[in-house]
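**Q**
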Amino acid sequence: MSSFDPAVTEPRWQAAWENAGIFTARHDPARPKYYVLEMFPYPSGRIHMGHVRNYTMGDVVARTKAAQGYSVLHPMGWDAFGMPAENAAMEQGGHPADWTYANIDQMRAQMKPLGLSIDWSREFATCDPEYYGQQQAMFLDMLDAGIVYRKNAVVNWDPVDMTVLANEQVIDGRGWRSGAEVERRELTQWFFRISDYAEDLLTALDGLKDWPEKVRLMQANWIGRSRGLQMAFSTVGAPEGFDRLEVYSTRPDTLMGMSFAAISPDHPLARNLERHDPKVAAFNAECRRIGTSEEALEKAEKRGFDTGIRVRHPFDTALELPVYIANFILMDYGTGAIFGVPAHDQRDFEFATKYGLPIPPVFVARGADEAPLDEAFVPPKTEPVRYIRGFAGPEEQTGTDAIAAAISFCEEKGVGHGVTQYRLRDWGLSRQRYWGCPIPVVHCDACGVVPERKENLPIRLPHDVTFDQPGNPLDRHPTWRHCACPSCGKPARRETDTMDTFVDSSWYYARFTAPHAETPTDPVEAEYWMNVDQYIGGIEHAILHLLYSRFFARAMHRTGHLPAKAIEPFNALFTQGMVTHEIYMTRDAQGRPVYHLPEDVEDGKLKATGAAVTVIPSAKMSKSKKNVVDPVNIISQFGADTARWFVLSDSPPERDVEWTSSGAEAAFRHLTRVHRMAHEAAAYTSGPHPADADLARATHRAIDEVTRGIEGFAFNKAVAALYALTNAVQKSDAGAEAKRTALRTLAQLSAPMVPHLAEEAWHILGGAGLVAAAPWPKPDPALLTDDTVILPIQINGKRRSEIKVDKALPTGDVEKLVLADPEVVRFLAGASPKKLIVVPGRIVNVVL
RNA sequence: GCCCGAGUGGCGGAACGGUAGACGCAGCGGAUUCAAAAUCCGCCGCCGCAAGGUGUGUGGGUUCGAAUCCCACCUCGGGCACCA
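Put into C-alpha cells, the structure is as follows:
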C-alpha cells in the first residue's frame, strides 16, 4: 500500500486535468452555464492565506457546478495598476511594469499548485495595454454619452513633495513621506455621473435577493436618499451677490429651534470672505488642513468662525441669527450650508454649547414638559412627540409626519420647496499618477478638451520614466504629452492624469467573457456568460467596488457594451471573512515590541533562543505583526489539499478563520485517514452484511448534507458531514462492496474541496475516469427519513424526559404517552397540567 | 463621529423560536508497542460524591418555550468616497 504523499500525487492529478482540458470554459448553448468569480487579486508578489480561502471557496462552487452538469466559467486575472508599484519603484528603483509583471509570474506560480479549476487561457492583467485600451474606448463612449464630465474637486496636496496624496498617505494631517502639513487643493478632474443613477442603484438593491442583507443595507445608506426642505435665508451684512443663503435640511420641522446657520469652509461665501479677511482665511486654511476624508472631518473637534453676517428667520424676520463657518459642514452634501438646531442634533448641540448659543427645544417627549437639555433630544422619526415650537401639523405627531407637514407649509408660504437629495457623490476618476490607465483626451489651445480618436488607442504609458523625484512622471516626460490635436491637427497636450484603479475593477468580470476581443466585450459571449452567477470576495468591498461595478455595468449597457440583463452583473454575492493568526511578541532591550513568525515559535518559546513569547490574540495576518503563514510553506509541508481543507473547516465562510498549526495537522491527518481507508477497502474481500443498509443511509445523508452545505455556502457544515461519513465508514461492519461504494461517494463529495486526494481515492477504488468529470451524486429520499423519532419532553420549558415514538403517531396518542411518562407523573404529583403543547415530530412541553 | 456586522465549552464552531454544545482541535483514560511515534476505542460545558443546579457578552422584555425575536448597553471587526 502506497502512503499518502501529496508532493507526488498533487502534480500528477494537476497534469491529468490539464491534459483532459476539463477546466477550459466552453460556450456550449446546449448546456446551462455557470460563472463563478472571485475578486481578482492585487499582484503584491505573494499569495496569502486570504487568497487561498477566497479561491478555494470559488473552486468548491465551480467544481460542484461542473459536476452538476453546468458549463462553468472560472477565470483569474490581476488588478495590476495602483500605488504600490510606484512606491516600490521609488523605494527600490526599477519600473512599475517590471515589478508588477514579475509579481504576477510569482503569484501565478504560487497559485497553480493549489489545483484550482481555473481556465488560465482567459487570464489578463488590467495593466495590459490590450485591456486598458478597451477601457479607454469605453471612456470615450461614456464621454460621448454624457456619463463623464469635468469639474473642480479638492485633493490632498503635499506642499513639500509637490504631489497629490491618497487619504491613506495623510497621517494626522501630514504627508507620510515629507511630514509636511497637508493642504486641500482644487484641481479640475474627470467624474462619472454615478449620482444620475442614484435612484436606480438604490431601488435595484431590492432585486439582489442573493446578496447579503448587510451589503444591501450598507449600499442603501451610502446612497443615502433623503427628503428635505431646500430654502433660502435672506442675509444681513453679506457681501454683494450673497443676499440669500440656500440651505438644505432633512428636519424642516425643527426650523423654529434654529439658533445659528453654518456654512462649509469651501462654500462660495466663505471663499469670498477669506479674500478680504485674513482671520477668515486663517480659519479656512486651518479647516482645510484636516484633509479630505469624511472620517477626519467628523472626528475633528467641532469649530466655527462667526462671520458677523446674520440671516433672518423666515417666520420671524425680526429674529437675526449668526452665520458661522464650521469645519464639519461638507460642501459636497446638500448646499454646503445648514441651519443649526442644537436641541435636536448632537453636533449642533456641541457647537451651540461651545459658542454660547441658545438651545430652544422644538418638541418634547409625550407627557413631558420643556426642560433644559444636557444633550440633543433625537428620538426615532417614527415616534410621536409633542411640538412646543411647531408650525405645521398637529401638536402631537411623529417626526416623519411633521417633516411632511413642514415641507407643505413652507411650499405654500413660498419659503422653500421639498427636494430629494442623495448622499452619493459623483465618482472622481482622475489620479495624478503614472501607474494607471491613461485618460484618452487631449488639451488643445484652439479646440479645448478633445477626445482621442479610437483608432489611436490604446494610449500607452511610456516606459522610459523615472521615480527619483515626487510627482507624476507623465507630467515631466520630455515627449509623451506632446501630440497633435485629434480635431484640428495643431500641437496639443495629452491629459497626464490616469484613471482610478476602481475603474479597472469595475468591468473585468465582463472582459473575462471574451478576454481578447477587439472591442471591450463580445456581444455573443457576454450574452451567453453574463451574469456572474456567484461572486466571492471580502466584505471590505461591500460599498465602493461593488457600487462602482453596478454603476459601470449600467454605463456599459447604455454605451452598448453589455446586454440589458447584465446591468446587475452579480447575481449572487458572498462575502468571506479573513484568515487570522495569533501574534507572537517579545521585547528588545529598549522595551520595544519585536514580532516573530509562527514558524519560529514552538510551545510558546522562540525556537532559536528558547525565550518565552507573549501571545497576543488573533488578528488579520499582516507583515508588520509577522503573524503570517505562507501558503507556499504549508503546501510544501502538507500539500494543497490540507491547506484547502483547513480553510474550509471549522469557521463559517463569512466569518474570520484562525489559522492554527494543530488545525493544519488535523486536516492532514484526516486526509491521510481517508487515503488509508480507500486502500483498505480496495483490498477487502467480504460479502454483503446487514450493516450495508445503515451505511447506505449514512452515505445518502452525507450526500444531502454536503450538497446543501455547499449550495448554502456553509462549507464548514459540509466538512463536518464528510467527517461524519468518514467516521461512519470506519465504524461500519458493512461488506466490502458497500464500503467501497460509500468511499467512492465520499471521494465525489470531497472532490470540490480536496480534489487531488479525491482523484487518488476514486482511482484506488476503481472509479471510472476522473472524479472531477463524474456527475454529482443525488441523495435517495427514501434513505433520508427515519420512521421513529425521539421526542424530548419539557416540563415548564425544561427538558426532563424523552419518549421514542412513531413519526406518524397522532397527537392524541402522543399526549397519552407523555402523561404516562414516569418523570411527568412525578412532576404532576397527581395534578393535571395547565397546558400540553405537542409540536409534532419535534418536542412536547408540559405546563404545570 | 457616522453606517454595517460579530460575540455560544479550554479553543474553532453546530443548533426551521422547540433536547444548547453536531463536527473538529486540545485534554483525560484505555488498547496496540520492548518503548515511542502512528493508529484504534472511550470520556469530555461549569458547580456538585450524588440528587440536582447552572449556562449562549451585560441588563431588561415578549413567549408554553429564546443562542435565535424586541429594547438598552459593553467589547471586537469592516467601511467612510485617492489603499486595493
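Sequential numbering from 1076 applies to the first sequence in our numbering.
Glycine included, each C-beta is placed from N, C-alpha and C at the ideal position.
1. Are the CB atoms of valine 1135 and methionine 1828 nearer to each other than 8 angstroms?
2. Kindly identify the DSSP beta-bridge partner or partners of glycine 1169.
3. From the DSSP secondary-structure annotation, give me the bridge partner or partners of phenylalanine 1266.
4. For asparagine 1920, write down the residues that DSSP places opposite it in a beta bridge.
5. Check the C-beta distance from arginine 1268 over to isoleucine 1222 and give it rounded, since I have them as a contact under 8 angstroms.
6. For isoleucine 1482 and threonine 1392, what's the separation of their Cα atoms in angstroms?
7. Does the Cβ of aspartate 1180 have 16 or more other Cβ atoms within 10 Å, making it buried, or fewer, making it exposed?
8. Using a 10 Å radius around the Cβ and a threshold of 16 neighbouring Cβ atoms, would you call leucine 1148 buried or exposed?
9. What does the Cβ neighbour count give for histidine 1351, buried or exposed, with the cut at 16 atoms within 10 Å?
10. Mapping the DSSP letters down to three states, classify valine 1688 as helix, strand or coil.
11. For the alpha helix (DSSP H) containing lysine 1108, name the first residue and the last one.
12. If we require 4 or more residues per run, which alpha helix (DSSP H) segments fall completely within the segment 1601–1668?
13. Starting from glutamate 1093, follow the alpha helix (DSSP H) in both directions and report where the run begins and ends.
14. Examine the Cβ distances between the segment 1618–1628 and the segment 1256–1265 and report whether three or more of them are shorter than 8 angstroms.
15. Could you tell me whether the segment 1410–1428 touches the segment 1436–1455, using the rule of 3 or more Cβ pairs below 8 angstroms?
16. If contacts are defined as beta-carbon pairs under 8 angstroms, then threonine 1747 and phenylalanine 1079 qualify, I think. What distance do you get, rounded to the angstrom?
17. Take arginine 1508 as the anchor and find which of Arg1225, Lys1882 and Thr1541 has the nearest alpha-carbon.
18. Three-state secondary structure (DSSP) at lysine 1792?
19. Short check: CB of threonine 1099 to CB of aspartate 1194, under 8 angstroms?
20. The alpha helix (DSSP H) with cysteine 1362 in it runs from where to where?
21. Report the rounded CA-to-CA distance for glutamine 1823 versus alanine 1639, giving the unit in angstroms.
22. Tell me the DSSP secondary structure of proline 1763 in three-state form.
23. Just to confirm, is the Cβ distance from proline 1327 to cysteine 1485 under 8 angstroms?
24. Taking the alpha helix (DSSP H) that glutamate 1370 falls in, what are its first and last residues?
25. Would you call isoleucine 1870 buried or exposed, if buried means 16 or more other Cβ atoms sit within 10 Å of its Cβ?
26. Give a yes or no on whether the C-beta atoms belonging to leucine 1499 and serine 1270 are separated by under 8 angstroms.
27. My output table needs one value for lysine 1488: the three-state DSSP class, helix, strand or coil.
28. Where DSSP assigns a beta bridge to glutamine 1305, which residues make up the other side?
29. Exposed or buried, proline 1314, counting other C-beta atoms within 10 Å across all chains shown (16 or more means buried)?
30. Measuring only the C-alpha atoms, how far is valine 1230 from valine 1239?
31. Output the boundary residues of the alpha helix (DSSP H) element that contains phenylalanine 1902.
32. When the Cβ atoms of the segment 1847–1861 are set against those of the segment 1138–1154, are three or more pairs found closer than 8 angstroms?
33. Quick one: what does DSSP say asparagine 1402 is sitting in, helix, strand or coil?
34. Just list the alpha helix (DSSP H) runs in the segment 1802–1870, keeping only unbroken ones of 4 residues or longer that don't cross its boundaries, in chain order.
35. Out of Gly1411, Glu1487 and Val1893, point me to the one whose CA is closest to tyrosine 1323's CA.
36. Check whether the Cβ atoms of leucine 1943 and lysine 1529 sit closer than 8 angstroms, and answer yes or no.
**A** Looking at the coordinates:
1. yes
2. Answer is none; glycine 1169 lacks a bridge partner.
3. Tyr1224 and Gly1503
4. Gln1869 and Ile1912
5. 5 angstroms
6. 19 angstroms
7. exposed
8. buried
9. exposed
10. coil
11. That residue, lysine 1108, is in no alpha helix (DSSP H); its beta strand (DSSP E) goes 1108–1113.
12. 1619–1633
13. 1081–1095
14. no
15. yes
16. 5 angstroms
17. Thr1541
18. helix
19. yes
20. 1353–1363
21. 38 angstroms
22. coil
23. yes
24. 1369–1374
25. buried
26. yes
27. helix
28. Tyr1323 and His1492
29. exposed
30. 7 angstroms
31. 1897–1903
32. yes
33. coil
34. 1811–1825 and 1830–1839
35. Gly1411
36. Outside the shown range of the chain (1076 to 1923) lies residue 1943, about which nothing can therefore be said.
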